[in-house]
Amino acid sequence: MSHMHTELGAPPTLPEGALRVIPLGGLGEIGRNMTVFEYGGKLLIVDCGVLFPEENQPGVDLILPDFGPIRDRLKDVVGIVLTHGHEDHIGGVPYLLRERGNIPVIGSQLTLAFLDPKLKEHRLKDAPKYVVSEGDVETFGPFELEFVAVNHSIPDALAVAIKTPAGVALHTGDFKMDQLPLDGRITDLRAFARLGEEGVDLFLTDSTNAEVPGFTTSERNITPAIDAVFASSKKRIIVASFASHIHRVQQVIDAAAKHDRKVAYVGRSMVRNMQIARELGYLHVPDGVVVDKIDAAPPHKMVLMSTGSQGEPMAALSRMANNSHQQVSLEPGDTVLMASSLIPGNENAIYRVIDGLTKLGANVVHKGNALVHVSGHASAGELLYCYNIVQPSNVLPVHGEIRHLHANAKLATATGVPNVLLAEDGYVIDLVDGHASITGAVDCGYVYVDGSSVGDLTDSELKDRRVLGEEGFISVVVVVDSATGKILSGPEIHARGIAEEDSAFDEIMPKIISALEEAISDGTRDSGQLQQVIRRVLGSFVGRRLRRRPMILPVVIQA
């Protein structure tokens with residue numbers, strides 16, 4: 001097993017006839033999945049998703065893959081293959097197309113349909129779209145692509161076999177091996193086996209559930225749990241799920257029809273996605289079950305299908321929990337069914353929502369107390385199954401945090417895979433003469449979307465935001481005579497976000513004045529240097545006496 005390198009230089013020139021693979025996102029986190037394949041001077045991108053911010057990233061809306069390593073080669077990109085329609089695989093596409101708008105986008109019917117509103121929102125009209133299905137073989141530049149059906153928590157997911165003279169790379173995308181899927185579309189293990197017989201030189205596999213033993217539970221197994229919730233609920237039912245989880249919405253609609261309830265969608269993305277899914281035939285709605293208004297029937301006959309299962313602050317369920325939703329006010333006895341898993345990093349936000357809902361008197365049913373959600377990712381048993389079927393020469397675990405990648409690598413090694421690579425975002429993997437190895441790394445960091453700003457927010461500025469939020473800030477204003485250096489006014493000290501009155505700083509005033517006068521007498525007249533003097537003296541006092549490390553903003557005015 002080839003382990004992660006702590007220090008890697010720039011990769012060498014790609015040898016002629018070799019295939020290069022550069023993950024730019026998704027290795028070390030659950031999100032912003034993006035992998036670049038290079039052959040013969042041309043680039044193929046598989047997925048381009050977003051990562052949602054955590055609590056230590058205040059003000060950030062989205063986190064994108066870093067396009068920097070390929071920015072000066074966008075003209076060489078022959079296409080973007082999208083494995084499925086989840087945000088962590090398609091959400092970054094508009095931002096990439098803003099840099100070159102005519103890159104061909106390749107994906108299944110539903111995936112491209114979910115992408116369309118995003119492109120319209122960004123006013124992107126030039127990208128040619130190619131709808132593909134399982135079994136299709138298409139050629140883009142030097143890459144021959146074969147698409148394979150895989151089962152996931154969204155319909156129309158595809159794995160892709162990328163064939164070049166250097167060998168075959170098989171990328172699973174997100175997948176599991178549900179043998180009784182709700183839509184009857186199983187992962188095509190026969191195609192996996194055939195590709196294995198032909199020879200898979202590099203197998204890129206979903207690692208999300210590699211630590212989970214056995215096989216992922218079938219979607220059908222949660223139908224009785226959902227039915228039990230409907231049978232026992234005497235008032236309104238609110239179901240929270242991902243806006244793309246068509247299978248789960250189908251189960252809710254079926255349960256509503258069985259128990260003579262109406263369903264209304266809450267949340268813009270839920271309304272939009274379910275309309276798309278229904279129009280394309282992926283969602284089957286009995287006549288009269290779905291209604292436009294949340295009060296179209298008495299509360300005990302209504303089901304609200306809502307967004308916000310991950311505790312997103314502005315999503316519908318969070319606003320209900322805060323009692324700030326404009327249309328929905330929870331009442332004691334209402335039932336809230338959170339039909340989703342906990343994405344790593346979102347646990348605190350989700351539990352805050354659960355607490356808020358419970359405080360309002362709702363009965364909250366979630367994965368922790370009922371079987372109301374199953375994962376969309378293959379567990380260890382399924383991954384072992386795939387390794388034994390495909391028998392690849394080289395394996396690169398993808399899509400997961402570090403522990404997931406390690407667990408997946410151990411599974412591959414246990415099945416006898418000759419060469420297993422552990423990589424991170426930015427690592428460069430070259431497939432030369434059938435052998436894959438890590439040959440270098442490219443600079444690859446987080447790119448923050450902050451309002452209308454993309455990539456302008458730095459880690460240093462993000463640290464300042466955390467300091468402001470956690471420690472508060474102190475402003476200090478001093479007016480100095482530019483000619484004589486005499487202090488004319490101040491210092492005036494004002495604190496915000498600190499549990500102290502401004503009078504708490506009275507005792508440090510003389511020391512600040514003394515330090516300034518000493519610096520001025522030594523010939524220091526530069527405002528920036530005088531500000532540093534203030535920051536040093538006041539910072540030492542606040543740290544020693546108040547046990548805080550706030551942001552200190554000194555202002556020296558030369559009059």
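If you use UniProt numbering, the sequence shown closes out at 559, no skipped numbers anywhere.
Glycine is no exception: its CB is placed at the ideal position from the N, C-alpha and C atoms.
Everything numeric in this text was worked out from a predicted model, so none of it was measured.
* Got a sec? Which residues, its chain only, sit under 6 Å from L180 by beta carbon, not counting five neighbours each side? -> S218 and R220
* Do K234 and G376 have their C-beta atoms closer together than 8 Å? -> no
* Determine contact between the segment 433-443 and the segment 27-35, defined as no fewer than three beta-carbon pairs at a distance below 8 Å. => no
* Please report the residue range of the alpha helix (DSSP H) in which Q318 lies. => In the sequence as presented, Gln is not what sits at residue 318; that position holds Ser. Segment A316 to A321, the alpha helix (DSSP H) holding S318.
* For V365 and I389, the rounded distance between their alpha carbons -> 39 Å
* Quick one: using the 10 Å Cβ neighbour count with 16 as the cut-off for buried, is L488 buried or exposed? => exposed
* Hey, V160 and V93: beta-carbon distance below 8 Å or not? -> no
* 6 Å CB neighbourhood of A407 in its chain, flanking five on each side removed -> A210 and E211
* Asked: Which parts of the segment 420-450 are runs of the beta strand (DSSP E), unbroken and 3 residues or longer, counting only runs that do not cross its ends?
  -> 427-432, 435-441 and 447-450
* To do: Go through its chain and collect everything with a Cβ distance to L43's Cβ below 8 Å, but skip five positions before and after it.
  => V36, F37, I70, R73, D76, V77 and V78
* To do: Note down, in chain order, each residue of its chain lying with its Cβ closer than 6 Å to the Cβ of S207, except the 5 sequence neighbours on either side.
  => P397, H399, G400, H404, L405 and N408
* To do: Taking 8 Å as the threshold, find out whether the segment 414-434 comes into contact with the segment 223-233 through three or more Cβ pairs.
  => no
* Asked: Hey, is the segment 332-340 in contact with the segment 242-252, meaning 3+ C-beta pairs nearer than 8 Å?
  -> yes
* Asked: Where in the segment 241-285 do unbroken runs of the alpha helix (DSSP H), each at least 4 residues long, occur, reported from the N-terminal end onward?
  -> 246-258 and 268-279
* **Collapsed DSSP secondary structure at M509 in the structure displayed** => helix
* Asked: What residue range is occupied by the uninterrupted alpha helix (DSSP H) comprising I534?
  -> S527 to F541
* Report the three-state DSSP secondary structure of K129 (helix, strand or coil). => strand
* Might you give, ordered along the chain, the residues of its own chain that have their beta carbon closer than 6 Å to the beta carbon of V21, omitting 5 neighbours on each side? => F37 and I429
* Identify which residue in L64, D292 and L124 has its Cα closest to the Cα of E87. => L64
* Residue ranges of each alpha helix (DSSP H) within the segment 13-54, 4 or longer -> none
* Grouping DSSP H, G and I as helix and E and B as strand, with all else coil, what is N151? -> strand
* Put V417 into one of helix, strand or coil per three-state DSSP. => coil
* Identify the residues that DSSP records as bridge partners of K234: which are they? -> Answer is none; K234 lacks a bridge partner.
* To do: Just grab the DSSP bridge partners of Q558 for me.
  => V480
* Distance CB(H84)-CB(D174) smaller than 8 Å -> yes
* Asked: What are the boundary residues of the beta strand (DSSP E) that P397 is part of?
  -> N394 to V398
* Asked: Using a Cβ-Cβ cut-off of 7 Å (strictly less than) and excluding sequence neighbours within five positions of H5, which residues of its own chain qualify?
  -> Bear in mind that a pLDDT of 49 at H5, under 50, signals an unreliable position, so the model cannot answer this.
* **Cβ-based burial, M1 [other Cβ within 10 Å; buried from 16]** => Residue confidence is low: M1 scores 45 on pLDDT, short of 50, so the model does not pin down where it sits. No coordinate-derived value is stated.
* **Run of the alpha helix (DSSP H) containing G184, from where it starts to where it stops** => Neither: G184 is in no alpha helix (DSSP H) and is coded neither H nor E.
* Note down, in chain order, each residue of its chain lying with its Cβ closer than 6 Å to the Cβ of H373, except the 5 sequence neighbours on either side. => A339, S340, S341 and K367
* To do: Apply the 10 Å Cβ neighbour rule to G311 and answer buried if 16 or more other Cβ atoms are within range, or exposed otherwise.
  => At G311 the pLDDT is 47, less than 50, meaning the model places this residue with poor confidence; the figure from the coordinates comes in the next sentence. The residue is buried, with at least 16 neighbouring Cβ atoms inside 10 Å.
* Asked: Based on Cα-Cα distance, which residue from A243, K293 and G333 lies nearest to Q275?
  -> A243
* Return helix, strand or coil for R545, following the three-state DSSP convention. => helix
* In the DSSP assignment, find the unbroken alpha helix (DSSP H) run with P117 in it and report its ends. => Q109 to E121
* To do: With DSSP collapsed to three states, give me the class of N209.
  => strand
* **C-alpha distance - G41 paired with L112, whole-angstrom precision** => 27 Å
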